[in-house]
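J.: Would you mind keeping the following structure in view while I ask a few things?
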Amino acid sequence: NAGVTQTPKFQVLKTGQSMTLQCAQDMNHEYMSWYRQDPGMGLRLIHYSVGAGITDQGEVPNGYNVSRSTTEDFPLRLLSAAPSQTSVYFCASSSVREIVGNTIYFGEGSWLTVV
Amino acid sequence: AQKVTQAQTEISVVEKEDVTLDCVYETRDTTYYLFWYKQPPSGELVFLIRRNSFDEQNEISGRYSWNFQKSTSSFNFTITASQVVDSAVYFCALRNNAGNMLTFGGGTRLMVKP
Numbered sequence: 001n002a003g004v005t006q007t008p009k010f011q012v013l014k015t016g017q018s019m020t021l022q023c024a025q026d027m028n029h030e031y032m033s034w035y036r037q038d039p040g041m042g043l044r045l046i047h048y049s050v051g052a053g054i055t056d057q058g059e060v061p062n063g064y065n066v067s068r069s070t071t072e073d074f075p076l077r078l079l080s081a082a083p084s085q086t087s088v089y090f091c092a093s094s095s096v097r098e099i100v101g102n103t104i105y106f107g108e109g110s111w112l113t114v115v
Numbered sequence: 001a002q003k004v005t006q007a008q009t010e011i012s013v014v015e016k017e018d019v020t021l022d023c024v025y026e027t028r029d030t031t032y033y034l035f036w037y038k039q040p041p042s043g044e045l046v047f048l049i050r051r052n053s054f055d056e057q058n059e060i061s062g063r064y065s066w067n068f069q070k071s072t073s074s075f076n077f078t079i080t081a082s083q084v085v086d087s088a089v090y091f092c093a094l095r096n097n098a099g100n101m102l103t104f105g106g107g108t109r110l111m112v113k114p
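Those protein sequences? They're chains Y and W, same order as listed.
Going by this note's numbering, the first sequence opens with residue 1, and the numbers climb by one from there.
Going by this note's numbering, the second sequence opens with residue 1, and the numbers climb by one from there.
Listed below in structure tokens is the structure:
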């Protein structure tokens with residue numbers, strides 16, 4: 001998972017609190033995304049970005065906000081945490097220009113519990 | 001919309017047995033990319049293989065092999081002579097041609113018993 005750094009690794013929030021999950025990559029990748037992983041449901045796409053200043057919604061965007069002010073950083077914000085947002089969150093990045101690439105690099109995951 | 005189905009939610013085998021993990025996908029793209037990832041108990045996602053839709057050659061890497069069949073929209077993964085260290089959740093994933101959507105299957109939990 002070299003190159004994609006997620007923080008924090010573990011976090012406990014109270015319902016209604018806000019927080020930001022940080023994600024940074026040093027590979028100059030255009031594409032970055034956030035997923036959540038819930039038991040039996042695989043990883044579901046929350047938001048993604050194809051470059052600085054461009055973001056778009058994925059499969060499960062409600063309750064989350066993102067921004068992409070730089071190529072390197074793609075923070076995920078929970079504005080008012082709910083117990084349904086208890087999950088493991090993964091940030092990912094990749095280059096969309098590689099001819100034979102398209103390999104996606106994942107961070108190590110952030111375990112979030114909302115009580 | 002694209003979709004990935006891993007019908008086997010959990011598989012249990014005894015060490016040294018061969019095991020095949022199934023993956024079936026749906027997409028309207030003619031060019032797409034398929035992946036397999038391993039998630040060990042420690043939680044991180046480990047890249048195993050990427051396959052382009054225009055390359056139907058099967059691939060073998062040590063004890064791992066992959067069978068890609070466009071005719072049946074399947075990308076199955078076989079572990080030969082399984083080991084306890086293979087115990088993990090395995091995810092199949094599909095990326096669209098535009099590169100902005102990576103869809104995962106629900107995962108298959110593989111338990112290899114000594």
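A virtual CB, placed ideally from N, CA and C, is assigned to each residue, including glycine.
(1) Straight-line CA distance for Y/Gln25 to Y/Arg36?
(2) Grab me the residues of Y/Pro61's own chain with a C-beta within less than 7 Å of its C-beta, minus the 5 sequence neighbours each way, in chain order.
(3) Keeping to the same chain, check which residues put their C-beta closer than 7 Å to that of Y/Ser93; ignore five residues upstream and five downstream.
(4) Taking C-alpha atoms, which residue in Y/Gly42, Y/Leu21 and Y/Ser110 lies nearest to Y/Leu79?
(5) Taking buried to mean at least 16 other C-beta atoms within 10 Å of its own C-beta, is W/Thr27 buried or exposed?
(6) Hey, is Y/Phe106's beta-carbon within less than 8 Å of any beta-carbon in chain W?
(7) When you compare only the Cα positions, how much space is there between W/Glu15 and Y/Val96?
(8) Of all the options W/Val19, W/Glu10, W/Thr78 and W/Leu34, which has the alpha carbon lying nearest to the alpha carbon of W/Lys70?
(9) Determine the direct distance from the alpha carbon of W/Asn76 to that of Y/Gly51, and round the result to whole angstroms.
(10) With a floor of 4 residues, list each alpha helix (DSSP H) that falls wholly inside the region 39 to 115 of chain Y, ordered by position along the chain.
(11) Give a yes or no on whether the C-beta atoms belonging to W/Phe104 and Y/Gly42 are separated by under 8 Å.
(12) Around the Cβ of W/Arg95, are there at least 16 other Cβ atoms within 10 angstroms (buried) or fewer (exposed)?
T.: The short version:
(1) 18 Å
(2) Ile46 and His47
(3) Val4, Gln25, Met27, His29, Tyr31, Met32 and Tyr105
(4) Y/Leu21
(5) buried
(6) yes
(7) 39 Å
(8) W/Leu34
(9) 33 Å
(10) none
(11) yes
(12) buried
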